[in-house]
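Enquirer: So the protein lines, in turn, are chains Z and V.
The opening residue of the first sequence carries number 1216 in the numbering used here; numbering runs sequentially from there.
The opening residue of the second sequence carries number 1216 in the numbering used here; numbering runs sequentially from there.
C-beta atoms are modelled at their ideal positions from N, C-alpha and C, and glycine is treated no differently.
Below are the structure tokens for one structure; questions will follow.
There are 2 protein chains.
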Amino acid sequence: MTDSAAAPATRQAILSAAAELFAARGQAGTTIKQIGRRAGVNPALIYYYFADKAALYDAVLAELVGRFPVQLAEAALATDSPRDALAAVVHRQARVFAEEPLLPRLIVRELADHDGSRATPLLGEHARRLLASLTVLIRRGQDDGSFRTDVEPHHAAISCLAQINWYCISGPLMLMLMGDKPEGPHTLEIDRFAEHVVKFTLAALEAR
Amino acid sequence: MTDSAAAPATRQAILSAAAELFAARGQAGTTIKQIGRRAGVNPALIYYYFADKAALYDAVLAELVGRFPVQLAEAALATDSPRDALAAVVHRQARVFAEEPLLPRLIVRELADHDGSRATPLLGEHARRLLASLTVLIRRGQDDGSFRTDVEPHHAAISCLAQINWYCISGPLMLMLMGDKPEGPHTLEIDRFAEHVVKFTLAALEAR
DNA sequence: GTCTATAGCGGGATAGAC
DNA sequence: GTCTATCCCGCTATAGAC
């Protein structure tokens, strides 16, 4: 799209290496030379493909965020049952983070860097649509009598996403601190936790 | 304690300035000169009080984390009702972040920097005790029949804390994205959300 | 497209006067 | 305790050969 034609392997190698390093050490903590080394590419070559470090950073974010169309969350709205739709959104979010483990860290760094207000437009738009879908979905559940009505839909949507998002950032550490899990494959753990989130959230929302 | 006697005003000014900058831009993104400037202090003087940048960073974290004894969360265990105890823990956590808004960002940066596993021992210990209290408390609620038993206490504890923690990092942005709240005083918003978290979490945990 | 070489700047940290 | 001056290093980015 934005990059017409096929992205050369070199460019892709740079993007991958940069994504790993930016996620692990942040933009300021990562040097061009480190990126070049990890990508197996001459550092100067990076400036052939990207204007400067900031542009490379933007490209990394665009690549990763763009890989996961939010559209699917909106599709869930077509579902008849609000319960099923909510479950679908949660599981999808878990899948996204499981498939691209660098994303949670990059997002969290973005949140810490920009004052909350002015974040990357791309990321903001993605989040906005996801939240909007969830809110609509919860409100719909309230209207049809399946969800309790004494909960603010906006707050409930945040509660729902917060669980899965926070887990992806700190979950493994937290479970370790509690002496749980000697370590399973990360991906499975996320899906298991997503299962819990669905149950927990639906229990909180269910009308009595 | 660790710093015997009274900390001179200069040292404190450096710590405060450093805390703000580290929270906003991260350790790597902050320079000694910036810290000196914001503290109204000669940059070279920083090396009189701290060995190097890393030591200053550690001191910042120790100061902020140490300001909030986790002990109070454990005290909540003495309460008779698991419901009240859970509410107390959530509100306390909200108060901590409201009183020291830099803390969430610093914590999140720590989580992003260190691989989840090896985080600052001080912070890890604090989190461990908080989680342990919550877990015990939930398990107790299950034992006395007030909480449903088909929820993993560890997972529930994470769900509970995740809501308040994630809100403090991204809540204002998320609400803005949803077109909510033209901005109230941040502190009040946190307390309001904490109220929601208590209601939401108890609804999820309550036995039918 | 890829490499070498290097300019130019800004960072962390120290020496030593006051 | 505080300041000035400065060293040295490593980083970003460019020039230009291939």
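In the DSSP assignment, find the alpha helix (DSSP H) that holds Z:ASN1380 and state where it starts and stops.
Expert: 1368 to 1392
Enquirer: To the nearest angstrom, how far is the alpha carbon of V:GLN1357 from that of V:GLU1421?
Expert: 9 Å
Enquirer: Hey, would you say the C-beta of Z:ALA1269 is under 7 Å away from at least one heavy atom of the ligand MN?
Expert: In the structure shown, the ligand MN is absent, as is every other ligand, since no ligand is present at all.
Enquirer: Using a beta-carbon distance below 8 Å, is Z:LEU1326 in contact with chain V?
Expert: Yes, Z:LEU1326 counts as interfacial toward chain V.
Enquirer: Can you tell which of V:GLU1314, V:VAL1305 and V:ALA1293 has its C-alpha closest to the C-alpha of V:PHE1283?
Expert: Nearest of V:GLU1314, V:VAL1305 and V:ALA1293 to V:PHE1283, Cα basis: V:GLU1314.
Enquirer: Going by Cα to Cα distance, which pick from V:GLN1227, V:PRO1297 and V:ALA1419 is closest to Z:PHE1415?
Expert: V:ALA1419
Enquirer: Classify V:GLU1410 as helix, strand or coil using the three-state DSSP reduction.
Expert: Helix.
Enquirer: Are there 16 or more other CB atoms within 10 angstroms of the CB of Z:ASP1328, so buried, or fewer, so exposed?
Expert: buried
Enquirer: Starting from V:TYR1263, find everything on chain Z with Cβ-Cβ shorter than 9 Å and list it in chain order.
Expert: In chain order: nothing, as chain Z lies at least about 26 Å away.
Enquirer: Secondary structure at Z:PHE1362, three-state DSSP: helix, strand or coil?
Expert: strand
Enquirer: Using only the alpha-carbon positions, how far apart do V:LEU1247 and Z:VAL1311 sit?
Expert: The sequence given here has Ile at residue 1247 of chain V, not Leu. Cα to Cα, the separation comes out at about 38 Å.
Enquirer: By Cβ distance, which residues of its chain are closer than 8 Å to V:LEU1276, with the 5 residues on each side in sequence left out?
Expert: Sequence-distant partners of V:LEU1276 (beyond 5 residues in either direction) whose C-beta falls short of 8 Å from its own C-beta, in its chain, are LEU1321, GLU1325, THR1335, LEU1337 and LEU1338.
Enquirer: Using a Cβ-Cβ cut-off of less than 9 Å, give me the residues of the region 1227 to 1258 of chain V that come near chain Z, in sequence order.
Expert: Listed by position, the residues of the region 1227 to 1258 of chain V near chain Z (Cβ gap below 9 Å) are ALA1238, ALA1239, ARG1240, GLY1241, GLN1242, ALA1243, GLY1244 and THR1245.
Enquirer: Checking contacts by CB at 8 Å: is Z:ILE1353 closer than that to chain V?
Expert: No, because no Cβ of chain V sits closer than 8 Å to the Cβ of Z:ILE1353.
Enquirer: From what residue to what residue does the alpha helix (DSSP H) around V:GLY1251 run?
Expert: 1247 to 1254
Enquirer: Quick one: what's got a C-beta closer than 7 Å to V:THR1402's C-beta in the same chain, skipping five residues either side?
Expert: ALA1313
Enquirer: Any Cβ of chain V within less than 8 Å of the Cβ of Z:ALA1418?
Expert: Answer yes: the Cβ-Cβ gap between Z:ALA1418 and chain V drops below 8 Å somewhere.
Enquirer: Using C-beta distances below 6 Å, list every residue in its chain close to V:ARG1355, excluding the 5 sequence neighbours before and after it, in chain order.
Expert: PRO1297
Enquirer: Beta-carbon within less than 6 Å of Z:GLN1242's beta-carbon, same chain only, minus the 5 sequence neighbours each way: which residues are those?
Expert: Within the same chain, Cβ atoms closer than 6 Å to the Cβ of Z:GLN1242 are found at TYR1272, the five residues on either side in sequence being excluded.
Enquirer: Determine which residues of the region 1298 to 1316 of chain Z have a Cβ less than 8 Å from any Cβ of chain V, and write them out in chain order.
Expert: Taking a C-beta cut-off of 8 Å against chain V, none of the residues of the region 1298 to 1316 of chain Z qualify.
Enquirer: Give the DSSP-derived three-state secondary structure of Z:GLU1315 in the structure shown.
Expert: coil
Enquirer: Counting only Cβ pairs nearer than 8 Å, list the residues of chain Z close to V:GLY1160.
Expert: Outside the modelled stretch of chain V, which goes from 1216 to 1423, sits residue 1160 of chain V, for which no answer is possible.
Enquirer: Taking the straight line between their C-alpha atoms, what separation do you get for Z:LEU1417 and Z:HIS1370?
Expert: 14 Å
Enquirer: What is the C-beta distance between Z:ILE1384 and Z:PRO1319, in whole angstroms, given that I count them as a contact (C-beta under 8 Å)?
Expert: 5 Å
Enquirer: Closest to V:LEU1346 by CA distance: which of V:PRO1368, V:THR1364 and V:SER1361 is it?
Expert: Taking only the C-alpha atoms, the option nearest V:LEU1346 is V:PRO1368.
Enquirer: Closest by CA to Z:ALA1290, which one among Z:VAL1351, Z:ILE1250, Z:GLY1360 and Z:GLY1386?
Expert: Z:VAL1351
Enquirer: Please report the distance separating the alpha-carbon of V:LEU1388 from that of Z:GLU1340.
Expert: 12 Å
Enquirer: When you compare each of V:MET1393, V:ALA1302, V:GLY1386 and V:GLY1394 to V:CYS1375 by their alpha carbons, which one comes out closest?
Expert: Nearest C-alpha to V:CYS1375: V:ALA1302.
Enquirer: With 8 Å as the threshold, decide whether the Cβ of Z:VAL1323 is near any Cβ in chain V.
Expert: yes
Enquirer: List the endpoints of the continuous alpha helix (DSSP H) containing Z:SER1231.
Expert: Residues 1224 to 1240.
Enquirer: For V:ALA1293 and V:ARG1307, which I take to be in contact (beta-carbon distance under 8 Å), what is that distance rounded to the nearest angstrom?
Expert: Actually they do not touch by this definition, with Cβ atoms about 14 Å apart.
Enquirer: Would you mind stating whether V:GLY1386 and Z:ILE1373 have Cβ atoms separated by less than 8 Å?
Expert: For the 8 Å CB-CB criterion, V:GLY1386 and Z:ILE1373 form a contact.
Enquirer: Show which residues of chain Z have a CB atom less than 8 Å away from the CB atom of V:ASP1395.
Expert: HIS1369
Enquirer: Rounding to the nearest angstrom, what Cα-Cα distance links V:ASP1406 and Z:ARG1423 in this structure?
Expert: Each residue's CA atom was taken as its position, placing V:ASP1406 and Z:ARG1423 some 26 Å apart.
Enquirer: From Z:ALA1259, Z:PRO1400, Z:TRP1381 and Z:ARG1344, pick the residue whose C-alpha is nearest to that of V:GLY1394; which is it?
Expert: With distances taken between Cα atoms, V:GLY1394 lies closest to Z:ARG1344.
Enquirer: Step through the CB atoms of chain Z and report whether any lies within less than 8 Å of the CB of V:VAL1285.
Expert: Not one chain Z Cβ lies under 8 Å of V:VAL1285.
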